[in-house]
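Each residue of the sequence shown is one higher than the one before, counting from 221 in the working numbering.
C-beta: ideal position from N, C-alpha, C; glycine also.
For clarity, every value in this text was computed on a predicted model and none was experimentally measured.
To start, the structure itself, in structure tokens.
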Amino acid sequence: MATERKRKVRFSDVVEVISSKKLARPINVLLSMNRWNGRPYTQRYYDILDKRKTLPVWSQKDEFVKQLKNNQTLILVGETGSGKTTQIPQFVLEAVDLENQSNQKKYMIACTQPRRVAAMSVSHRVADEMDVTIGEEVGYSIRFEDCSSSRTVLKYLTDGMLLREAMTDPLLERYKVIVLDEAHERTLAMDVLFGLLKEVLKNRPDLKLVVMSAALEAEKFQGYFFDAPLMKVPGRLHPVEIFYTKQPEEDYLQAVIRTVLQIHTCETPGDILVFLTGEEEIEDACRKINKEVGNFGDTVGPLEVVPLYSTLPPLMQQKIFEPAPPPFTENGPAGRKVVISTNIAETSLTIDGIVYVIDAGFSKQKVYNPLDRVESLLVSPISKANAHQRSGRAGRTQPGKCFRLYTEKSFNNDLQPQTSPEILRSNLAHTILTLKRLGIGDLVHFDFMDPPAPETIVRALEDLNYLGALDDEGYLTELGDIMSEFPLDPQMAKMLVVSPEFNCSNEILSLSAMLSVPNCFIRPSDAQKAADEAKARFGHIDGDQLTLLNVYHAYKHNNEDQLWCYENFVNHDALKSADNVRQQLARIMYRCNLKLCSTNFNSRDYYVNIRKAMLSGYFMQVAHLEHTGHYLTVKENQVVLLDSSNCLNHKPEWVIYNEYVLTTRNFIRIVTDVRGEWLVDIAPHYYDLHNFPECEAKLTLEKLNKKREREKGCTTGIKGVSNKATSLVILQRERSVVEKLVDGSKGKKWGRRLVSGALISLTLSALDDLAAEDAISDIFDASSCSAAGTETQVLRIPFTDSNENLESCALRAKCFVPSWKGLLIWGPWYNASLAVSHRRHSVSCTYPVSGPQGTGVFQLRAVRDKDNKWFTFFRPRDCEILIREALLHVPYETCMGYKPKGKTNEHIRPIENGTGRELNDTDRGEMRQKLLILSRL
């Protein structure tokens, strides 16, 4: 067999092969290795390096490195587009030694950003420039997301996250150099970092600080940071032509849309950047622009509208960096990209291709009034510095134009030179809790660059004291120490920390996560009705927080399915983020030895405990329903309205709220129904009526206190009935009514009663209208009742001519169950309602329920019988719990209606699909199964 000859490989052959391949830059193999990951540089690295060298900041590299080596603190002012955000941290990496002699771990470089979007996008860009993997050598850290590892040498993070790191590492010993970018924005966390880092620099001579700003506050920063040297980096700006309106615009949103269309149809190619105030405005503008452009046809080039705001999912945010769409035809008009953004795009983010800028002249700013305890985002005019930053975005690649939708006179006379620092217009409770955790006790003498108003600090200290985070001497309590571990506002942190005491920490954990992410409900303009119906399926009668809890539970129950989210009009990204947040909060709870627990879902206390836990954190954010029909915030007495997006189908007497929205009218958002007696039980120190302003809320609380005193003797259970069944209010018009209370033994005795017939919500005011006009009979003793000990808020006490004292009546009334004639309906969706016929011949009330099998409604109708006597309703403390309890523990035939002996069942007419028919045993069984499913929400 022939053998194959192997030819010797000559050196010349190797040289020939190598020379035939395209080399990735330097032939010197050592220079082509990436020092950070030990791999060869790719060709992309060298392509990007060529572009980096054209940035204005690159020409200042040697001078910067020299200044950094010779000074502990350096102030650097760079114009827009100079490249300081991406290049300076890389210059620092090349200039300093990251080896830690006292620790095996290497030092890191930190670069702070005021916004999460900037921290994420810039870190991805720098990882690309350094030819490394994001999350490895270059990472980022934002609230509830840490994309870094033990290999990370450069980390971009929000200023708030660096502040949180200081709580566990007060001297920030893991960092060699800290770069504070966009310092001119003066966020709340940034101002605290200024004062904190001044102290750290005194104790760590090896730490270096670089403060970067794009504004003109350089001298102020220099004076604050020990007269640090100043470097100025020129920008690469082409001339920008500024245009103003001749007259003030009545509707700047319409003016924006009109200007975009004019530029697209009349101006030369180039992308457009529009500045608006928030998500709702931006999405509205996107819809209207797309609609208008659709009418142009092929006469103009394609126009792609891209939104940008902080709560937009990361993948959607990356669309701003994509190129403009190509022309419709080969020689047709060029395409154009329109980015509609909040002030996020003013500084940190640089978008290539922007030639035109439209500045509406407004932004949303946080405003806090310590006297009213109101913090809200207000649409406010921008400053001249903001306007300068915005116009600078138009001259990045070629001469540009900026269209300011306000007059030149307004710019010169009305706009402030700089936006006031956030620390001067914010609630400082969370900041002070952080400072206390850092061991800074003397807040008055803390070195703020701009000290906040004393009343703001005092109000924050007072709020923390009410929450139990600080004691009366101003020292951090054990509770406050645990609260500071959570990256949440103090109210939510308190709610979460105390939730194990209410046996509902799992639910509060889920709720906190849902409240920490963007709104999960989607309401497309072309499917608003379907979206509203989908939201209603998740709705909980007691409020928005419990509705969010329903959404999260349904999301997990459906295995986090994206298609399910689409079909139910909920944001999959928001729910996925909430799930991630929940996991991180759970880890903190585990670290703090906080028990994860839940009340049995079949218990009547399931939702009650959740609402009480919520109230324990938000008892300072309560509103009371006045007799005029509007709500008044407790203590501050601010008139507010419930936001129209709420899930309540009634007006509770007391609500807690998460957000206070200031517009032309004041609104409270994300509200939940609570009970007045809970306020005094959970926060007696705050609801001390001796220090309460005169208002209806105070009068109501005083009545509740008197009621509690009256009930002290009514705590004995009857035949095993729960001792909690003591909440009794005797509705009366005159004292004589109370003195004519019935002796229960004289009432007729019936067989088993339908206790669920007493489980329909009825407002106190409506029941009061029915209170003491007509006599009621049919009082039963406890042995006649299946579940007589239900806890009620209002109980109608009937009376006759017999004369009984109040005490015996109260004991007797606890097992009061009304005779019942009524309907239990399965069918279409109804709003909860109360109907009182003329001269009160009948009363009916419907109560909506929903579940995975569909929606339905319970309806009861109480009618005057032939003896001219009344049947009455209860108002339970928690309707769902009691309905569920009745369905689970009462035989199914009683769940469908009570039929007295000798009577027909004509009054029992279930409705299915709008048609009434008689019930049989099969119907009853099927319906009971449906109701059991519905009751397990």
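Going by alpha carbons, who is nearest to residue i out of the options?
i	options	result
V358	Q804, Y529, S343, H905	S343
P468	E628, M840, P543, K511	E628
D764	V316, R889, C915, D447	R889
A505	Y444, Y472, R259, H458	Y472
Q333	M350, K304, K418, L924	K304
P744	F445, Y786, V494	Y786
K815	A806, V312, E682, E512	A806
V737	H777, N779, K326, R363	R363
N290	V412, K326, D426	D426
I308	K325, A330, Y772, L318	A330
S370	K326, D401, L296	K326
E314	D825, N254, E365	N254
G555	Y444, P527, V520, Q585	V520
E705	S583, R657, H665, A751	R657
H458	N510, G620, T378	G620
G443	L535, K796, I660, D667	D667
L921	V859, V854, N866, R885	V854
D709	D692, A754, T654	T654
T883	K586, K926, V894, P637	K586
By the 10 Å Cβ neighbour count, where 16 or more other Cβ atoms means buried, how is residue i classified, buried or exposed?
i	result
K422	exposed
T293	buried
A733	buried
A747	exposed
Y877	buried
K832	buried
C367	buried
D662	exposed
L496	buried
N788	buried
H404	buried
L296	buried
G849	exposed
V664	exposed
Near residue i, what residues of its chain come up, given a Cβ to Cβ distance below 8 Å and the 5 sequence neighbours on each side ignored?
i	result
Q782	H792
F631	Y464, K604, A607, R624
A475	T465, E469, A580, L625
L735	M712, Q765, L768, N878, I890
E461	P619, G620, K621, C622
Suppose contacts are defined by Cβ-Cβ distances below 8 Å. Is residue i in contact with residue j by that definition?
i	j	result
V881	T892	no
D670	L635	no
I571	V559	yes
G380	A409	yes
C915	N822	no
Y376	Y360	yes
A917	H870	no
L768	I830	no
G688	L696	no
E439	T567	no
S600	F582	yes
L569	S730	no
N723	T819	yes
P534	E503	no
P553	P546	no
G481	E501	Residue identity check: residue 481 is Leu in the sequence provided, not Gly. Taking 8 Å as the Cβ cut-off, L481 and E501 do not qualify as a contacting pair.
Using a threshold of 7 Å, is the CB atom of residue i nearer than that to any non-hydrogen atom of the ligand ATP?
i	result
T519	Inclusion of the ligand ATP in the displayed structure is not the case, the ligand content being empty and no account of it being possible.
So residue i and residue j are supposed to be a Cβ contact under 8 Å. How far apart are they, rounded?
i	j	result
S611	I564	Contact doesn't hold; Cβ gap of about 16 Å is too wide.
M451	Q280	7 Å
L835	I761	With 8 Å as the limit, L835 and I761 do not qualify as a contact, their Cβ atoms being about 17 Å apart.
Could one say the Cβ of residue i lies closer than 8 Å to chain D's Cβ atoms, at least one of them?
i	result
C812	Among the protein chains of the structure shown there is no chain D, as only one such chain exists.
Can you give me the Cβ contacts of residue i inside the same chain, cut-off strictly under 6 Å, excluding the 5 residues immediately before and after it?
i	result
E595	Y588, N647
F284	F311
K557	D491, E524, A544
V900	Y907
I702	V717, C812
A794	V737, P738, C740
Short of 7 Å in beta carbon distance, which residues of its chain neighbour residue i, apart from the five on each side in sequence? Order them along the chain.
i	result
L382	A330, T332, L413
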